[in-house]
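Here is the structure we will look at, set down as structure tokens.
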Ligand SMILES: [Zn+2]
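Structure (structure tokens):
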């Protein structure tokens with residue numbers, strides 16, 4: 032699916048419901064009722080950004 036942040040289709044699947052956007056460098060997790068968005072730090076840790084309701 033397209034990135035919920037920037038709309039890019041340059042996304043790679045990194046988990047069962049987890050994707051990484053190469054354009055804005057975020058990871059997002061698709062859940063049935065929401066999409067959780069994470070910013071990826073240089074050291075690989077994730078910071079939760081706001082979720083986007085469907
Ligand atoms: Zn993006």
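In the numbering used here, the protein residues as written are 32 to 85. C-beta: ideal position from N, C-alpha, C; glycine also.
Exercise. Helix, strand or coil: how does DSSP classify residue 52 here?
Worked result: strand
Exercise. Do the CB positions of residue 42 and residue 51 come within less than 9 Å of each other?
Worked result: yes
Problem set entry | Simplified DSSP state of residue 58, which is helix, strand or coil | strand
For this session: Note down, in chain order, each residue of its chain lying with its Cβ closer than 6 Å to the Cβ of residue 55, except the 5 sequence neighbours on either side.
Result: 36, 37
Exercise. Do residue 74 and ligand 1 come close, with the Cβ less than 8 Å from some heavy atom?
Worked result: no
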